[in-house]
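Counting along the sequence shown from 1, when you hit position 114 you're at 156 in the numbering used here, and nothing is skipped either side. Glycine residues also receive a C-beta, built at the ideal position from the N, C-alpha and C atoms. Please read the structure below before turning to the comments.
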Amino acid sequence: MSKIATLEIDGKKYEFPIVEGTENELAIDIKSLRASSNVITLDPGYKNTGSCESAITFLDGEKGILRYRGYSIEELADKASFLEVCFLLIFGELPTQEELSKFHKDIKGQSIVDEDMKRILDGFPKSAHPMGVLASLTNALVAFNPSSVNVDSEEDMYKAIVKILGKFPVLVAWTMRKKMSLPLNYGDTSLGYVENIHKMMFQQPNEDYKVDRTFIEALDKLLILHADHEQNCSTSTVRIVGSSHSGLFASLSAGIAALWGPLHGGANQAVIEMLEAIKADGGDTSKFILKAKDKNDPFRLMGFGHRVYKNFDPRAKIIKKAADEVLGELGIEDPILDIAKGLEKVALEDEYFISRNLYPNVDFYSGIIYRALGIPTDMFTVMFALGRLPGWIAQWKEMRLGKEPIGRPRQVYTGYTHRAFKTRSER
Ligand code: CMC
43 MSKIATLEID GKKYEFPIVE GTENELAIDI KSLRASSNVI TLDPGYKNTG
93 SCESAITFLD GEKGILRYRG YSIEELADKA SFLEVCFLLI FGELPTQEEL
143 SKFHKDIKGQ SIVDEDMKRI LDGFPKSAHP MGVLASLTNA LVAFNPSSVN
193 VDSEEDMYKA IVKILGKFPV LVAWTMRKKM SLPLNYGDTS LGYVENIHKM
243 MFQQPNEDYK VDRTFIEALD KLLILHADHE QNCSTSTVRI VGSSHSGLFA
293 SLSAGIAALW GPLHGGANQA VIEMLEAIKA DGGDTSKFIL KAKDKNDPFR
343 LMGFGHRVYK NFDPRAKIIK KAADEVLGEL GIEDPILDIA KGLEKVALED
393 EYFISRNLYP NVDFYSGIIY RALGIPTDMF TVMFALGRLP GWIAQWKEMR
443 LGKEPIGRPR QVYTGYTHRA FKTRSER
């Protein structure tokens, strides 16, 4: 029998159905709340609000579980390739070899960007943050691909999806190469998806491209770990922008802007900057723990805490192990890895962090790997965006195919009540 929630306001009772997900999560369906009671709910930051029903990613913050389309993140990171995960997230099933080959071929067929895009990139100062540049270039793609996607046409949707999966890595590589004063190049259709990203980012103009297995395997894993995370800030942004029927590329551009912030994807850059600051200060981690606990100090332990994970972040566990492996394989001894481990140890034994369930999140160790791979610090969040791309696409597609209404929250107004207009001389 379906469950019902009863709400009583001023002695009058209202009943609402309780929706149950496939993992037994319960939600009170309040769609009829305002129409029946003239009351709304208030939930800043949406801490208790489900914005949609979704069949893409399952996350249990208490148990530290993350699954894409039912497959555990641990197994996917271990056994799948990023391109397979893209297909899985966007189309719902792991691809057969034939489907994967066609998908890759179609993406490669879309991996040229209009030459005029270079002129747009040229207009940015070298000092511009890569996330701002990437968001702008992604939006600029709309101008070069103006036909709107007919979401009811499977073919149209597919074309838009492979187009962005083909062109986005070019924009990522160009964003970095512009900063590094390297010529803007193209990939090579004979290479794998992540191999090609490596080539586009790092090929020197006077050398042949050399495949770097350590780089490719590490990046593939990181991209998988970042590929989706249900209704986080940037994904919700993509869905809400797309809900006004803005196009896919414009919605993705908004998602990139949301990801940029240090409380979200920008934390990976902020973590390295924090670890560097601790190192420069002599390496005393307890001093920074004290700062993080001081409510009068704006400092937060970057890479710690999560809105949903209250036990551990399964991605952080995998990344911590990968950081050891990658640095070991590359023969790199990075003192900030030791500082990070020391900081984690102190924090996990501290009452402040224990009582608030604050654990290292995905961003705590990822920057250490990016750095070991030679990726500049201000490109870290761009790499996150590259990984999150299939998740954003899958969520946008689900939202559009689900015919979701325009996202439009309400508010409780707390400003002036009506007042008479004052002429300029009366003010
Ligand atoms: N350092 C110190 N105190 C913290 C931290 C932190 N990193 N994170 C949370 N707290 C405290 C916070 O001050 C609050 O304390 P109190 O109850 O005394 O007021 C309590 O823990 C709960 O925090 P909150 O800010 O209400 O939690 P939230 O769910 O709104 O925020 C968060 C989640 C991720 C924004 C936050 O933990 C944070 O700012 N972390 C640092 C930034 C970071 O690493 N972000 C990456 C998140 S994971 C990847 C991603 O989203 O892309």
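Per DSSP, cross-strand counterpart(s) of residue i
i	result
Ser114	Arg109
Pro247	Partner(s): none; Pro247 has no beta bridge.
Glu50	Lys55
Ala69	Val61
Pro402	Phe346
Phe100	Arg109
Among the options, the one whose alpha carbon lies nearest that of residue i
i	options	result
Leu118	Lys105, Lys329, Glu135 and Gly103	Glu135
Ile314	Met421, Met441 and Asp120	Met421
Val368	Ile98, Lys89 and Thr256	Thr256
Arg219	His271, Ala170 and Arg342	Ala170
Asp262	Ser74, Ile203 and Tyr412	Tyr412
Leu332	Gln246, Tyr394 and Gln453	Tyr394
Asp148	Leu207, Phe133 and Phe341	Leu207
Arg430	His306, Cys94 and Tyr455	His306
Gly37	Tyr88, Lys221, Phe346 and Thr465	Outside the shown range of the chain, which is 43 to 469, sits residue 37, and nothing can be said about it.
Gly370	Leu415, Phe406 and Pro451	Leu415
Leu176	Leu428, Gly433, Thr465 and Thr456	Leu428
Glu126	Leu267, Glu95, Asn187 and Lys241	Leu267
His271	Ser153, Gly433, Asp120 and Gly444	Gly433
Gly444	Ile60, Asp120 and Ser93	Ser93
Met242	Ile417, Asp102 and Asp405	Ile417
Gly53	Asn66, Asp392, Ser79 and Lys150	Ser79
Gly303	Ile98, Thr423 and Lys352	Thr423
Phe470	Ile98, Ile203, Asp158 and Leu265	The structure shown has nothing for residue 470, since the chain only spans 43 to 469.
Phe244	Trp216, Glu259 and Thr465	Trp216
Asn403	Arg450, Asp85, Arg466 and Ala309	Ala309
Ala480	Ala77, Phe346, Phe426 and Val454	A query on residue 480 cannot be resolved here, the shown segment of the chain reaching from 43 to 469 and no further.
Lys352	Phe463, Tyr401, Asn90 and His146	Tyr401
Met344	Gln311, Lys337, Ile448 and Phe145	Gln311
Ser96	Gln453, Ile361, Glu67 and Lys121	Glu67
Lys362	Phe463, Asp405, Leu372 and Ile258	Asp405
Alpha carbon of residue i to alpha carbon of residue j, nearest angstrom
i	j	result
Thr459	Glu468	19 Å
Ala436	Leu224	33 Å
Gly229	Lys439	27 Å
Gly17	Val184	Look at the range of the chain in this structure, 43 to 469, and you will see that residue 17 is not part of it.
Arg442	Ser285	7 Å
Phe354	Arg398	12 Å
Leu163	Asp156	12 Å
Thr419	Pro172	10 Å
Glu446	Gln273	15 Å
Lys335	Ala364	29 Å
Ala69	Val191	33 Å
Ala269	Glu197	23 Å
Glu116	Ile396	25 Å
Tyr476	Arg349	This structure cannot settle anything about residue 476, because the visible part of the chain is limited to 43 through 469.
Lys73	Met199	29 Å
Phe100	Leu131	12 Å
Gly409	Lys160	28 Å
Ala322	Gly174	28 Å
Val253	Phe341	41 Å
Thr231	Gln152	10 Å
Lys168	Asn227	17 Å
Glu104	Phe186	45 Å
Ile203	Phe58	38 Å
Asp366	Glu249	30 Å
Glu391	Glu50	44 Å
Phe129	His287	23 Å
Asp339	Ser195	53 Å
Val283	Ala260	32 Å
Ile98	Pro247	41 Å
Phe145	Ser189	22 Å
Lys201	Lys150	12 Å
Ile374	Ala122	27 Å
Check whether the segment 225-241 and the segment 204-213 touch, using three or more Cβ-Cβ pairs below 8 Å as the test. yes
Validate contact between the segment 161-181 and the segment 289-301 using beta carbons, cut 8 Å, 3 pairs: yes
Check whether the segment 314-325 and the segment 371-383 are in contact - that is, three or more C-beta pairs closer than 8 Å. yes
Quick check: the segment 323-330 against the segment 384-393, are at least 3 beta-carbon pairs closer than 8 Å? When C-beta atoms of the segment 384-393 are compared with those of the segment 323-330, three or more pairs fall below 8 Å, so the two segments count as touching.
For the segment 125-142 and the segment 275-282, state whether three or more C-beta atom pairs, one from each stretch, are separated by less than 8 Å. no
Is the segment 99-119 in contact with the segment 355-364, if contact means three or more CB pairs nearer than 8 Å? The segment 99-119 vs the segment 355-364: in contact.
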